[in-house]
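Participant: Numbered as in this note's numbering, the sequence shown ends at 629 without a single skipped number. Glycine included, each C-beta is placed from N, C-alpha and C at the ideal position. Structure below; questions to follow.
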Amino acid sequence: MDLRHYLSIIWRRKWIIAAVTAGVILMAAIGNLKATPIYKASATLRVAASMGMTQSLQFYTYNTQLMNTYVELSASRPVRMELKERLQAQVPEIEAEVIPNTELIRITASSPDPELAALAVNTLAQILVEESDKLYTGGSISTSEIILDQVQQAADDLEVTRRDYERLIRQTPSAYEQITVTGQILQEKQRTYETLLRQYEQAQYREVMESSMVTVVEEALIPKVPSEPRTALNYILAALIGLFAGGMLAFLFENMDDRLHSTQEIETTTQLPTLAKLPKANSSHLYISKNGTSRHAESVRHLAARLQVENSKHHHTVIALTGAQSDQGATTTVANLGVALAEQGRDVAIVDCNVRDPKLHQIFDLPNEQGVTDILSNEVEIKDALNKVGNGHLTLLSTGPVTDSPLQTFDSARAESLIQNLRQQFDYVLIDTPDLTVADIVAVAPHADELILVARRSHVRREAVKSAAEFLSRFNGKPVRLVVNESEG
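Take a look at the structure:
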């Protein structure tokens with residue numbers, strides 16, 4: 141199967157696809173209307189590790205662990221309780237994630253209340269910033285705090301020694317030996333104080349450099365547009381799902397449908413030579429006697445011309461047309477072909493042998509008071525039952541009154557006599573026979589020179605047309621040909 145075959149299936153089942161797609165989109169629209177709008181607000185934090193650490197694998201591992209630590213802390217119970225206390229409201233859904241290959245953490249809150257979403261994110265960020273040192277060190281006493289106590293103690297000792305030294309200098313008489321000893325003690329304590337002060341400053345610097353620094357890079361703004369439901373995306377997904385589901389359903393129906401939807405399928409199934417492909421026509425262009433300029437009319441005229449060329453060596457040809465099943469357009473084809481042959485100067489008799497459901501007299505707006513059944517029962521003469529159609533070369537022999545036993549009407553000898561009589565009077569005798577679902581065709585077909593099977597595309601079923609072609613091929617080698625009605629080509 142080529143692409144055109146699949147495209148033809150899609151086009152043929154387009155209403156199924158369209159209906160399913162419309163249904164899914166409608167459900168998506170209802171879902172969008174019923175869904176509660178959810179607003180999302182996001183803030184960004186930077187977690188910077190120690191600038192004094194060596195840029196090594198250990199540094200990157202430490203930095204990754206540190207950022208993951210803050211992500212977990214943001215979801216911890218103590219932090220959430222603190223957040224709830226500050227908000228004085230129910231904490232909305234909050235997620236924290238590390239932005240890959242950065243020192244950034246994104247905190248996102250989702251809530252039907254846009255103001256609450258933004259406030260919750262900003263408050264949580266502030267909590268992490270405020271508590272970062274305590275959360276990181278666990279609240280233990282730092283080295284700088286211990287040294288600071290020693291610095292203060294050394295400063296006090298230094299101050300006491302300095303006072304003693306100044307008192308000794310002012311004392312009279314001077315105690316030179318005590319002044320010398322006290323001066324040495326003062327210098328020693330001064331050096332001790334300065335050493336501790338430098339250690340304190342270094343410890344303080346080191347703690348600052350080695351500790352993490354959490355800062356707010358971007359605060360959350362109050363969202364104006366809800367992030368959920370994502371209306372446009374929902375409609376797009378609904379359309380795609382509808383098209384896919386509709387397509388699957390279309391191919392499922394196609395697989396279950398045994399009708400033949402293309403001329404090629406009909407030709408392949410019947411294995412009959414194609415005599416004509418008649419295009420589809422609406423009711424106003426169906427009969428060429430009423431509208432003779434349509435494509436359908438020209439195709440029928442082409443069929444009539446072809447028959448004349450092929451039968452140029454044979455005169456007084458009898459052709460029987462039938463359908464594989466009902467509603468194939470065989471009766472309409474008989475009527476139009478008769479009109480076309482008459483237009484081209486041929487004397488044509490149309491015989492309606494469909495005694496179960498006669499239609500030809502209705503097409504030509506003629507009475508059906510007497511006809512084939514009366515002739516075969518010897519109640520009227522042939523000439524009395526013939527009805528001229530207009531002023532041209534076309535004559536109609538209708539069925540006459542419908543009988544309860546149609547098959548018994550067509551006695552072989554009487555039917556043969558009727559056909560021979562008409563053959564002598566007309567150039568062409570076109571017989572409209574019942575479709576092959578009934579047995580009446582058996583009494584009519586043997587008297588025809590040629591059999592034409594009419595198959596209506598998209599209406600005829602595979603097994604019916606296949607059986608019809610095989611059945612007609614059994615009539616003593618009579619030529620059987622195919623006319624495709626409502627052909628796409």
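In this structure, how does DSSP classify D492 when only helix, strand and coil are distinguished?
Facilitator: As a first step, residue 492 must be located in the sequence shown, where it is residue number 352. In the structure shown, D492 sits in a strand (DSSP, three-state: E or B).
Participant: Assuming S182 is part of the alpha helix (DSSP H), what are its boundary residues?
Facilitator: As a working note, residue 182 is residue 42 in the sequence shown. That residue, S182, is in no alpha helix (DSSP H); its beta strand (DSSP E) goes 179-188.
Participant: From the DSSP output, in three-state form, read off A464 for me.
Facilitator: As a working note, residue 464 is residue 324 in the sequence shown. A464: coil per DSSP, three-state reduction.
Participant: Looking only at its own chain, which residues have a Cβ that is under 6 angstroms from the Cβ of A480, when we skip the five neighbours before and after it?
Facilitator: Walking along the sequence shown from the start, residue 480 turns up at place 340. Once the five neighbours on either side are set aside, the close Cβ partners of A480 are V440, R441, A444.
Participant: How far does the alpha helix (DSSP H) with Y427 in it reach, from first residue to last?
Facilitator: Here residue 427 is taken as the residue at index 287 of the sequence shown, counted from 1. Per DSSP, Y427 belongs to no alpha helix (DSSP H) and is neither H nor E.
Participant: I'd like the span of the alpha helix (DSSP H) that includes I406, first residue to last.
Facilitator: By one-based count along the sequence shown, residue 406 stands at place 266. Per DSSP, I406 belongs to the alpha helix (DSSP H) from 403-410.
Participant: For M193, does the three-state DSSP call read helix, strand or coil?
Facilitator: For the purposes of this step, residue 193 is taken as the residue at position 53 of the sequence shown. Low confidence applies to M193: its pLDDT is 47, below 50, so where it sits in the model is not reliable enough to give any reading.
Participant: So F615 and A585 are in contact, right, with Cβ under 8 angstroms, and what is the actual spacing, rounded?
Facilitator: Taking the first residue of the sequence shown as position 1, residue 615 is located at position 475. Taking the first residue of the sequence shown as position 1, residue 585 is located at position 445. Rounded, the Cβ-Cβ distance is 5 angstroms, consistent with contact.
Participant: Would you list the one or two residues that DSSP bridges to R650?
Facilitator: Limits of the chain in this structure are 141 at one end and 629 at the other, which puts residue 650 out of reach.
Participant: Can you tell which of L558, V321, R399 has the C-alpha that lies nearest to the C-alpha of R597?
Facilitator: Residue 597 sits at position 457 when you count from the first residue of the sequence shown. Of the candidates L558, V321, R399, the one whose C-alpha sits nearest the C-alpha of R597 is R399.
Participant: Excluding five sequence neighbours on each side, which residues of the same chain lie with their C-beta closer than 7 angstroms to the C-beta of L326?
Facilitator: The residue labelled residue 326 in the question sits at position 186 within the sequence shown. The answer, listed in chain order, is T301, R302, Y305.
Participant: Please give me, in chain order, every unbroken run of the beta strand (DSSP E) with length at least 3 that falls completely inside the region 493-534.
Facilitator: Fully enclosed beta strand (DSSP E) runs of 3 or longer: 527-529.
Participant: Run through DSSP, which three-state label would E243 get?
Facilitator: Residue 243 sits at position 103 when you count from the first residue of the sequence shown. Correct three-state label for E243: coil.
Participant: Provide the residue span of the alpha helix (DSSP H) that contains R303, from first to last.
Facilitator: As a first step, residue 303 is located in the sequence shown; it is residue number 163 there, counting from the start. First-last of the alpha helix (DSSP H) with R303: 283-310.
Participant: Buried or exposed for L147, please, with buried defined as at least 16 other CB atoms from any protein chain shown within 10 angstroms of its CB.
Facilitator: Position 7 of the sequence shown, counted from the start, is the residue given in the question as residue 147. It counts as exposed.
Participant: Count the other C-beta atoms from every protein chain shown that fall within 10 angstroms of the C-beta of N476, then say buried if there are 16 or more, exposed otherwise.
Facilitator: Start at 1 with the first residue of the sequence shown, and residue 476 comes out as number 336. Buried.
Participant: Three or more C-beta pairs closer than 8 angstroms, one from the region 220-237 and one from the region 255-271: is that the case here?
Facilitator: Output reads yes: the region 255-271 touches the region 220-237.
Participant: Would you kindly report the start and end of the unbroken alpha helix (DSSP H) that includes V584?
Facilitator: Residue mapping note: residue 584 aligns to position 444 of the sequence shown, counting from 1. Residues 581-584.
Participant: Name the residue from I522, I178, A168 whose alpha carbon lies nearest to the alpha carbon of P366.
Facilitator: For the purposes of this step, residue 366 is taken as residue 226 along the sequence shown, with counting starting at 1. Here the closest residue by C-alpha is I178.
Participant: Could you tell me which residues DSSP puts in a beta bridge with V569?
Facilitator: Position 429 of the sequence shown, counting from 1, holds the residue named residue 569. Beta-bridge pairing links V569 to V458, A489.
Participant: Could you give the residue range of the alpha helix (DSSP H) that holds R441?
Facilitator: The residue given as residue 441 occupies position 301 in the sequence shown. 435-450 is the span of the alpha helix (DSSP H), which, as asked, contains R441.
Participant: Rounding to the nearest angstrom, what Cα-Cα distance links T194 and L223 in this structure?
Facilitator: Taking the sequence shown and counting its residues from 1, the one referred to as residue 194 is at position 54. Taking the sequence shown and counting its residues from 1, the one referred to as residue 223 is at position 83. With a pLDDT of 48 at T194, under the threshold of 50, the modelled position of this residue cannot be trusted; read the value that follows with caution. If you take the alpha carbons of T194 and L223, they lie about 36 angstroms apart.
Participant: Can you say whether T201 is buried or exposed, counting buried as having 16 or more other CB atoms within 10 angstroms of its CB?
Facilitator: Translated into the one-based positions of the sequence shown, residue 201 becomes position 61. Under this definition T201 is an exposed residue.
Participant: Quick check on the burial criterion: 16 or more other C-beta atoms within 10 angstroms. Buried or exposed for V630?
Facilitator: As displayed, the chain neither begins before 141 nor continues past 629, which places residue 630 out of reach and without an answer.
Participant: Taking 7 angstroms as the threshold (C-beta atoms), are L593 and A608 in contact?
Facilitator: Start at 1 with the first residue of the sequence shown, and residue 608 comes out as number 468. Start at 1 with the first residue of the sequence shown, and residue 593 comes out as number 453. Their beta carbons are under 7 angstroms apart, which means A608 touches L593 by this criterion.
Participant: Have a look at E270 and Q339 and give me their C-alpha separation to the nearest angstrom.
Facilitator: Position 130 of the sequence shown, counted from the start, is the residue given in the question as residue 270. Position 199 of the sequence shown, counted from the start, is the residue given in the question as residue 339. Distance between the alpha carbons of E270 and Q339: 27 angstroms.
Participant: Going straight from the alpha carbon of I267 to that of S251, what length do you get?
Facilitator: As a working note, residue 267 is residue 127 in the sequence shown. As a working note, residue 251 is residue 111 in the sequence shown. So the two alpha carbons sit approximately 20 angstroms from each other.
Participant: On the DSSP bridge assignment, give the partners of P419 in chain order.
Facilitator: The count along the sequence shown starts at 1 and reaches residue 419 at position 279. Paired residues: S627.
Participant: Is K523 buried or exposed, if buried means 16 or more other CB atoms sit within 10 Å of its CB?
Facilitator: Indexing the sequence shown from 1 puts residue 523 at position 383. Exposed.
Participant: Less than 7 angstroms between the beta carbons of C493 and I559, yes or no?
Facilitator: The residue labelled residue 493 in the question sits at position 353 within the sequence shown. The residue labelled residue 559 in the question sits at position 419 within the sequence shown. Cβ distance not < 7 angstroms, so C493 and I559 don't count as in contact.
Participant: Skipping 5 residues on each side, what residues in its chain have a beta carbon closer than 6 angstroms to that of H109?
Facilitator: As shown, the chain starts at 141 and ends at 629. That puts residue 109 outside it, with no answer to give.
Participant: Could you tell me which residues DSSP pairs with T248 in its beta bridges?
Facilitator: Here residue 248 refers to the residue found at position 108 when the sequence shown is read from its first residue. Answer is S182, E235, bridged to T248.
Participant: Please return the same chain residues whose Cβ sits closer than 7 angstroms to the Cβ of S182, not counting the five positions on each side in sequence.
Facilitator: Along the sequence shown, read from residue 1 onward, the residue named residue 182 stands at position 42. So the qualifying residues of the chain are R246, I247, T248, V261, A360.
Participant: For K453, which option in I150, D567, R310, E628 has the closest C-alpha, if you only look at C-alpha atoms?
Facilitator: For the purposes of this step, residue 453 is identified with residue 313 of the sequence shown, where counting begins at 1. Taking only the C-alpha atoms, the option nearest K453 is D567.
Participant: How far does the alpha helix (DSSP H) with E610 in it extend, from its first residue to its last?
Facilitator: What you label residue 610 is simply residue 470 of the sequence shown in a count that begins at 1. 602-612 is the span of the alpha helix (DSSP H), which, as asked, contains E610.
Participant: What number of angstroms, rounded off, separates the C-alpha of E334 from the C-alpha of T322?
Facilitator: As a first step, residue 334 is located in the sequence shown; it is residue number 194 there, counting from the start. As a first step, residue 322 is located in the sequence shown; it is residue number 182 there, counting from the start. When rounded, the distance between both Cα atoms is 18 angstroms.
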